Every structure is written in C-alpha cells, then in structure tokens.
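Mapping the sequence shown onto my numbering, position 171 (from 1) lands on 253, and the numbers just tick up by one.
From the three backbone atoms N, C-alpha and C, an ideal C-beta is built for every residue, glycine too.
For clarity, every value in this text was computed on a predicted model and none was experimentally measured.
Worksheet: one structure, shown below.
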Amino acid sequence: MTDFRKQALDYHAYPTPGKISIELTKPAATSKDLALAYSPGVAEPVRAIAENPDDVYKYTAKGNMVAVISNGTAILGLGNLGPMASKPVMEGKALLFKRFAGLDSIDIEVTHRTTQDFINTVANIADSFGGVNLEDIKAPECFEIEQALIERCDVPIFHDDQHGTAIVTAAGLLNALEIQGKELRKAQIVCLGAGAAAIACMELLIKCGAQREHIYMLDSKGVIHTRREDLNEYKALFANNTDKRTLAEVITEADVFVGVSGPNLLPPDALKLMAAKPIVFACSNPDPEIKPELAVAVRDDLIMATGRSDYPNQVNNVLCFPFIFRGALDVRARAINDEMKLAAVEAIRQLAKEPVPTAVLEAAGVDKLEFGPDYIIPKPLDPRLRTRVSKAVAEAAIASGAARIKLPKNYMQE
C-alpha cells in the first residue's frame with residue numbers, strides 16, 4: 083500500500099467514516115423545542131405548505147439542498163463499478179457543494195435494472211430537493227436520463243460530467259484563443275473522445291460560436307464521419323463529411339485539440355502538425371493525453387491545459403457547478419438552461435482577466451498570476467467565483483424566464 087493510498091483511505095475512515103453528516107439548524111434541548119420541531123408544532127408548517135406549496139421553501143431546507151445522484155456506471159476514470167463504489171465520489175461532491183457554495187447536499191446511489199427505472203426513481207424524489215446533480219453515469223444513457231428528467235422535473239437537473247466540464251472548457255478555451263490571437267468561429271478543432279463530456283464540450287462551443295463543420299471528433303475507431311454506420315444519435319451529430327480517417331490527418335493545421343479520452347493518446351509527432359500557436363486541452367485524468375513537459379518541448383508556442391492541479395490551467399468542474407446551483411436555487415429556477423450556462427462561461431473567463439488577490443496566490447502557492455498562457459482560468463480556491471458566477475447564473479435565470487423569484491437587493495455583493 084502506497085503512502086498516498088493509505089492517507090486517502092485513512093482520510094475517509096477516521097475519525098468518522100465518510101465525509102458528510104447532518105447537523106441541526108434549530109434548538110432541540112427542551113421539551114418546548116421538541117414540541118415545536120415535531121408534534122404538535124410541525125403541524126403548522128404542514129398546513130401552510132398544503133395551502134401554499136411555495137411555502138415549502140419558507141419552512142423547510144428544500145431551497146438550499148442539492149441531491150447528488152449516481153448509478154456508478156462511469157466513476158471518475160474507473161468505469162462501471164456499481165452504485166456503492168460511487169458513494170465516496172458522491173459524498174465528495176456533496177462536500178464540494180458545502181465547501182464552495184454553502185449548499186447542503188446529500189448523496190443518493192440508485193440500483194436499477196433499466197434506464198427507465200433510474201429515471202422514474204429520480205423523478206419521483208426530485209421535488210424533495212432544490213436541485214439534482216447527476217454524476218458518473220455512462221454515455222449514451224446519460225443523455226437520455228438527463229433529458230427525460232429535465233422534462234419531468236420542476237427543479238434544476240444538471241449532469242455535471244457533461245455541462246460542468248463543458249462550461250470550464252469553454253471559458254478557458256475562449257481565453258486561450260484570445261491570447262493566441264484566434265477566433266472561435268474560424269478555429270479548426272479536434273476532439274479526441276466521444277463520450278458525455280466530449281459531446282457536451284463541443285455542443286457548448288458551438289453555442290459560443292464554433293462552427294460544427296470545423297470540428298473533427300474521434301472515438302476509439304477513429305474519425306467520426308458521415309459514412310460510418312456504427313454511430314449512435316449523439317455521435318452522429320458530429321459526423322463530418324470528410325475523407326480524413328486518422329488523428330494525424332485531422333490534426334494537421336488544427337488550432338485546437340481537446341482531449342477527453344485517455345492517457346498518452348496525443349503523440350508528439352501529431353502535436354507538431356498543428357497550426358501556429360496551438361491550444362491543447364489534455365483533460366484525461368490523472369494522466370493527460372500528452373504530458374505538459376513533453377508538449378512544451380515539442381511546441382514552445384502552445385497554450386496547454388490539463389485536469390491536474392499540479393500544472394497551470396487546471397480544467398476543474400469545481401470552478402462552476404457549486405455556483406451554478408447556488409445561483410439557480412437562489413432564484414428557485416425550474417431548470418439550468420443554455421443562457422445560464424453561457425453566463426457562467428462568461429463570468430469565469432472574465433474573472434481570469436482581473437488582478438488576483440494575495441490570498442488566492444498564497445493558496446495556490448505562487449508569487450504571481452497574470453492573464454496569459456499560464457493563467458487562462460481562475461484558480462478553484464478563488465472566493466470571487468462564488469459571487470461572480472452565482473450572480474451571473476441567477477441573473478440569466480431571471481432574464482430567460484427560468485426563475486420563480488427575483489434576487490434580493492444586495493445579492494452576492496463582494
């Protein structure tokens with residue numbers, strides 16, 4: 083057992099198993115407290131909610147509660163290990179909601195036989211929460227599950243593996259293109275990987291201005307093109323009318339490489355073929371598609387991002403998902419729509435252009451951070467993310483008609 087493995091196991095086991103717990107928000111020390119908390123006092127909010135369902139937000143914790151729900155079919159980079167094996171990850175997600183956005187969160191792991199079973203289970207309990215974060219569900223089922231739940235549920239449903247990854251990727255990529263003097267609408271993009279994250283990333287980039295015909299997506303069988311007959315409906319959206327079949331062919335003179343696939347799948351020789359001032363997002367975790375040291379040795383004109391915290395430009399979902407839910411719940415949004423996602427993209431990318439507070443530098447262990455090739459997206463511990471992203475998302479929810487209530491006057495003032 084390595085030292086780190088033991089540290090990780092001990093962290094989860096001691097002094098109390100797991101990473102989350104329930105705490106009381108009201109006194110429960112006296113007989114009167116208990117009479118108010120339960121019988122007979124609890125009957126009063128019951129009657130109030132029965133008369134006016136919106137009072138559930140006034141008298142219960144629903145408005146600050148997110149459910150993190152998984153079936154364990156695509157756990158991190160570990161694959162389909164089942165619902166119980168996913169529980170540490172889901173507890174971790176709940177920890178991040180609380181740590182970064184002050185949201186209470188509970189993990190729910192679902193055992194089911196069919197996709198419809200899973201959809202029914204989540205739909206039947208969704209109203210207990212202010213929102214639902216779907217996590218670690220494999221493609222292509224994740225697309226069907228999320229869409230069905232969005233249609234059936236009256237609270238925000240958000241598959242973070244898709245949209246969280248897409249939002250942070252788009253924010254970083256737009257800034258990288260700006261630094262490199264390139265335009266998204268003209269950029270030739272290669273996407274290695276065709277799962278949930280890859281498809282969501284490319285769809286959001288298209289909403290930001292990328293041209294679908296300029297995107298070349300590859301799966302384990304090579305380039306996704308119009309003459310392939312083995313494509314599901316989601317991959318088919320990226321079937322390019324091209325005679326190119328290999329990574330080397332599509333990456334020649336490409337401006338952008340986005341890897342959401344596996345370790346060491348971008349050869350140095352392929353990187354050499356990219357256009358001047360290339361952008362490489364090698365986001366496979368823990369080992370990227372190409373190691374940054376190797377990439378920089380091959381191309382000294384590139385901007386590089388990975389999913390790792392020990393290199394510059396970490397593409398980390400924690401930059402957005404806690405704050406997207408914070409903003410959505412604070413205006414009681416019915417859904418998290420495209421307008422809210424794009425608002426999050428813009429808030430994240432603009433924050434990277436501002437001077438970085440000393441406290442953030444100290445937390446990151448660096449002396450200086452300035453907008454440029456090694457700093458295209460904010461650091462996860464930047465406290466300004468909560469105010470900027472949450473407010474942008476909440477305002478977009480109101481403007482787009484997804485919100486049920488307005489924002490208080492001094493909402494998220496820094």
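Same chain, Cβ closer than 6 Å to residue i, neighbours up to 5 away in sequence not counted
i	result
residue 370	364 and 388
residue 457	451
residue 465	none
residue 412	476
residue 127	141
residue 72	Given a span of 83 to 496 for the chain in the structure shown, any question on residue 72 remains unanswerable.
residue 222	314 and 316
residue 115	109
residue 494	469, 472 and 473
residue 278	221, 224, 243 and 244
residue 339	272 and 362
residue 485	413, 415 and 479
residue 445	463
First and last residue of the uninterrupted beta strand (DSSP E) at residue i
i	result
residue 120	Unbroken run through residue 120: none, as it is neither H nor E.
residue 272	271 to 274
residue 215	213 to 216
residue 300	297 to 301
Neighbourhood of residue i by C-beta distance below 8 Å, restricted to the same chain and skipping five residues each side
i	result
residue 397	247, 250, 251, 254, 363, 365, 387, 388, 389 and 459
residue 498	Missing from the structure shown is residue 498; the chain here goes from 83 to 496 and no further.
residue 454	261
Simplified DSSP state of residue i, which is helix, strand or coil
i	result
residue 172	helix
residue 113	helix
residue 139	helix
residue 96	coil
residue 194	coil
residue 304	strand
residue 103	coil
residue 482	helix
residue 189	strand
residue 459	coil
residue 454	strand
residue 396	strand
residue 261	helix
residue 155	coil
residue 84	coil
residue 161	strand
Span of the alpha helix (DSSP H), counted from its first residue to its last, around residue i
i	result
residue 284	278 to 290
residue 422	420 to 433
residue 240	Run containing residue 240: none in the alpha helix (DSSP H); it sits in the beta strand (DSSP E), 239 to 241.
residue 208	Taken as a continuous stretch (DSSP letters only), residue 208 belongs to no alpha helix (DSSP H), as it is neither H nor E.
residue 125	125 to 133
residue 406	403 to 412
residue 152	Where residue 152 is concerned, there is no enclosing alpha helix (DSSP H), although the beta strand (DSSP E) it sits in stretches over 147 to 152.
residue 230	223 to 234
residue 440	440 to 446
Cβ shell of residue i (< 7 Å), same chain only, five flanking positions each side left out
i	result
residue 92	none
residue 304	327 and 328
residue 86	none
residue 275	341, 342 and 343
residue 435	453
Starting from the N-terminal side, write out each stretch of the alpha helix (DSSP H) that is 4 residues or longer and does not extend beyond the stretch 308 to 386.
315 to 318, 329 to 333, 350 to 354 and 374 to 380
Between the stretch 134 to 143 and the stretch 217 to 234, are three or more C-beta pairs nearer than 8 Å?
no
Say whether the stretch 143 to 150 touches the stretch 199 to 214, bearing in mind that this needs 3 or more beta-carbon pairs closer than 8 Å, one atom from each stretch.
yes
Contact between the stretch 226 to 235 and the stretch 259 to 270: three or more CB pairs below 8 Å?
no
Using a Cβ distance threshold of 8 Å, determine whether the stretch 196 to 205 contacts the stretch 419 to 436, with at least three qualifying pairs required.
no
Assess, as a yes-or-no matter, whether the stretch 297 to 317 is touched by the stretch 269 to 285 under the definition of 3 or more beta carbon pairs within less than 8 Å.
yes
How about the stretch 235 to 246 and the stretch 202 to 209: do they share at least three Cβ pairs that are nearer than 8 Å?
yes
Given 8 Å, three or more beta-carbon pairs between the stretch 175 to 187 and the stretch 398 to 409:
yes
Using 8 Å as the threshold, is the stretch 353 to 362 in touch with the stretch 262 to 279, meaning 3 or more CB pairs across them?
yes
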